[in-house]
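See below for the structure under consideration.
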Amino acid sequence: MDFHLTREQELVRQMMHDFTENEVKPIAAETDKTSTYPRENIEKLFDLGVMGMIVPEEFGGAGADDLSSAIAIEELSKQCASTGDILATHNGLCCGPIIANGTPAQKEKYLRMLTEGHKVGAFALTEPDAGSDAAKGTCVAELQGDHYVLNGSKIFITNGYVADVFVVFAMTDKSKGTKGISAFIVESSFPGFSVGKHEEKLGLHGSPTAEIVFTDCIVPKENLLGAEGKGFKIAMQTLDGGRIGIAAQALGIAEGAMEESINFAKTREQFGRPIAKFQNTQFLFADMHVAIEAARLLTYKAAVAKSEGGRFTLDAATAKLFASEAAMKITTKAVQVHGGYGYTKDYPVERMMRDAKITEIYEGTSEIQRVVISGNILGK
Ligand code: CAA
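Count the sequence shown with our numbering and you get residues 43 to 422, in order.
Right under this line is the structure:
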């Protein structure tokens, strides 16, 4: 594996660094405080070609590779994990499965909407009684003539109340278990689609999370994504890719928290010297550095493995597990370095700690990553 970034990847890094410093950092605290969807920045990310960057150029995207996409999420998440999350969901969880499984007509219509059309995408798998056990969903889709009729509800849907295009999973044949699940492309304008509860969360306040409800929702037959019964496989393959995005988000949060802590420790004086002069603080930073380097290598390795083709399930789960747990530890220590200040909203590390927590939960909890990792190394 070549650890040097290509010229294109370096350019993405620089562009996203500048965008984050100039546009994201100045509003990150307010976005969190007011739980506001950062609409203007998302529009700018569409203008820059970042929303939908992995979409092939023939369908309106930038044709970027998976490492570039991870770098974009990482850079945004250094200052605002919510913005990183909106991008990760749009690219990995909505554009991703359409790129991989869409018909030429679906790609032409929906990928163009999700790039040039500035329409935001989402992914609807989780249900009230089907979280980690994703196959146990009860949302149903019944074929009636030239359309499917969807009934049921989905919860915790990222981009839920702002998205226009959803990749939705529903049972088309309950008797077939995972092979009875199908995937659909659903527009928020379809009859019978509605948005339910908006979630109030511990962190990621700028990322719009909501319940989605289907009440005799009419979905044209041509919006079936992949063949009937292939939905569970599509969901799992999509999550393999999505988990690299969450690893990148966790990595960015950890990097942001470490940078804040170093700046603070160099200027905060106690007992007559900056706290960075105490070995206790120095060792903390050494440990943070090691964890961040390891998280970055695992995340980039998984991204490269995805672009190379073939199965990358193990790489993605490994990166997501390590990076998310590293982010939680590092942000918690970052608050500790800041002492009482770290517990206030005058410093960003308390927000980073709250934001880091979700990376251990969504797109498969740490426990599920351990199930996936052990299953892959031991066999079933
Ligand atoms: N790639 C391709 N196929 C896969 C796969 C993968 N990564 N993982 C499983 N499959 C296939 C299996 O090969 C199997 O196919 P066959 O029957 O043809 O052999 C089929 O899927 C069923 O596999 P399992 O028996 O392993 O399935 P399971 O029911 O035991 O579940 C699981 C496995 C790993 C626990 C899975 O349910 C899982 O990942 N759960 C976590 C769900 C999750 O991550 N949810 C996140 C929701 S989305 C979100 O958070 C985003 C948001 O917007 C907030």
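C-beta: ideal position from N, C-alpha, C; glycine also.
(message) Quick check on this structure: which residue in T280, F235 and T125 has the alpha carbon closest to the alpha carbon of D258?
(response) F235
(request) Return the bridge partner residues of G163 from the DSSP annotation. (result) V207
(message) So, with DSSP's three-state summary, where would you put H46?
(response) coil
(message) So, at 7 angstroms on beta carbons, what are the nonlocal neighbours of Y203 in its own chain, with the 5 sequence-adjacent residues on each side left out?
(response) V237, H240, P250 and A252
(message) To the nearest angstrom, how far is the alpha carbon of T157 from that of M95?
(response) 8 angstroms
(request) Locate the alpha helix (DSSP H) running through P139, then write down its first and last residues. (result) G138 to N143
(request) Quick one: using the 10 Å Cβ neighbour count with 16 as the cut-off for buried, is R393 buried or exposed? (result) buried
(message) Using DSSP's beta-bridge definition, name the partner residues of R370.
(response) Contrary to the premise, residue 370 reads as Met rather than Arg in this sequence. Paired residue(s): none; M370 is not in a bridge.
(request) Taking D329 as part of the alpha helix (DSSP H), name the residues at either end of that continuous run. (result) Q321 to E350
(message) I'd like the span of the beta strand (DSSP E) that includes S236, first residue to last.
(response) F235 to H240
(message) Please classify P390 as buried or exposed, where buried requires at least 16 neighbouring CB atoms within 10 angstroms.
(response) buried
(request) Note down the Cα distance separating T401 from Q312, rounded to an integer number of angstroms. (result) 34 angstroms
(message) the ligand CAA and L244: does the residue's C-beta get closer than 8 angstroms to at least one heavy atom of that ligand?
(response) no
(message) With a threshold of 8 angstroms (Cβ to nearest heavy atom), would L135 be considered close to the ligand CAA?
(response) yes
(message) Does the distance between the C-beta of Y404 and the nearest non-hydrogen atom of the ligand CAA fall short of 8 angstroms?
(response) yes
(request) Quick one: grab the DSSP three-state call for Q246. (result) Here residue 246 is Leu; the residue named in the question, Gln, does not match the sequence. Three-state result, L246: coil.
(message) Assuming contact is defined by CB atoms lying nearer than 9 angstroms, are S124 and P68 in contact in what I supplied?
(response) no
(request) On a CA-only basis, which of D357, A347 and A333 is nearest A369? Give me that one, please. (result) A333
(request) Please report the residue range of the alpha helix (DSSP H) in which G126 lies. (result) A123 to A130
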